[in-house]
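For reference, the structure discussed in these notes is given below.
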Amino acid sequence: CNGFQVLLEMGLLPGALLRNAHLKYTCKTVGLRVASDASSFTAGYGAGADIRIPVAHHDGNYTASPDTLAHLRDTGRVAFRYLDNPNGSADDIAGILSENGRVLGMMPHPERALSALQGSADGRVLFDGLISAFAPA
Numbered sequence: 474c475n476g477f478q479v480l481l482e483m484g485l486l487p488g489a490l491l492r493n494a495h496l497k498y499t500c501k502t503v504g505l506r507v508a509s510d511a512s513s514f515t516a517g518y519g520a521g522a523d524i525r526i527p528v529a530h531h532d533g534n535y536t537a538s539p540d541t542l543a544h545l546r547d548t549g550r551v552a553f554r555y556l557d558n559p560n561g562s563a564d565d566i567a568g569i570l571s572e573n574g575r576v577l578g579m580m581p582h583p584e585r586a587l588s589a590l591q592g593s594a595d596g597r598v599l600f601d602g603l604i605s606a607f608a609p610a
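474 is the number of the first residue of the sequence shown in our numbering; add one for each residue after it.
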């Protein structure tokens with residue numbers, strides 16, 4: 474999630490992160506819906522899939538102008554949405570993609586969901602998709 478913050482502050486992705494709407498640190502596994510399967514990050518899930526990924530943040534409330542939010546929606550750049558928004562993020566956004574789909578910024582931690590022993594293996598699909606996209610055939 475700090476990586477997402479850096480991507481936003483550098484202007485590589487649009488928007489900003491604010492303090493969680495309830496002003497508390499949130500650390501729990503949450504439900505996400507895959508909003509777009511148009512990138513290597515999300516192709517393995519399929520659009521509309523519901524997954525479970527942990528979050529751990531105090532400043533995870535994604536915000537952007539109404540025009541930016543509309544542009545993200547209209548161009549399929551919203552990668553993930555919260556099913557039960559834990560932080561007040563605009564449009565329930567949990568993750569967004571760059572214009573070319575090669576950069577993903579997200580608040581949830583897929584690296585903490587690689588095995589059922591961690592409570593969910595849903596994050597593994599994201600990393601498997603990247604390996605498939607970049608590994609030689």
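Yeah, the Cβ is synthetic: ideal placement off N, Cα and C, and Gly gets one too.
Buried or exposed by the 16-neighbour rule on C-beta atoms within 10 Å, applied to residue i
i      : result
Pro559 : buried
Leu490 : buried
Leu613 : Outside the shown range of the chain (474 to 610) lies residue 613, about which nothing can therefore be said.
Leu486 : buried
Tyr498 : exposed
For residue i, three-class secondary structure by DSSP
i      : result
Gly596 : helix
His495 : coil
Arg546 : helix
Pro539 : helix
Asp523 : strand
Ser513 : coil
Asn560 : coil
Ala608 : coil
Beta-bridge pairing of residue i - partner residues as DSSP gives them
i      : result
Leu570 : Leu577
Tyr555 : Leu505
Ala589 : Its beta-bridge partners do not exist; DSSP assigns none.
Asn534 : Leu491
Nearest neighbour of residue i, chosen from the options [CA to CA]
i      : options                           : result
His530 : Gln591, Ala586 and Phe477         : Phe477
Asn573 : Tyr498, Thr548 and Ala594         : Thr548
Gly521 : Arg554, Pro581 and His582         : Arg554
Arg506 : Phe607, Gly596 and Gly484         : Gly596
Leu603 : Ser512, Gly504 and Ala508         : Ser512
Arg550 : Ser538, Ile569, Pro487 and Asp540 : Ile569
Thr541 : Pro583, Ser593, Ser571 and Ala608 : Ser571
Ala427 : Ala586, Pro539 and Lys497         : One cannot answer for residue 427 here, as it falls past the ends of the chain, which runs 474 to 610.
Pro539 : Lys501, Asp564 and Gly533         : Asp564
The region 479 to 486 / the region 510 to 517 touching (three or more Cβ pairs under 8 Å):
Taking 8 Å as the limit for Cβ pairs, the verdict is that the region 510 to 517 does not touch the region 479 to 486.
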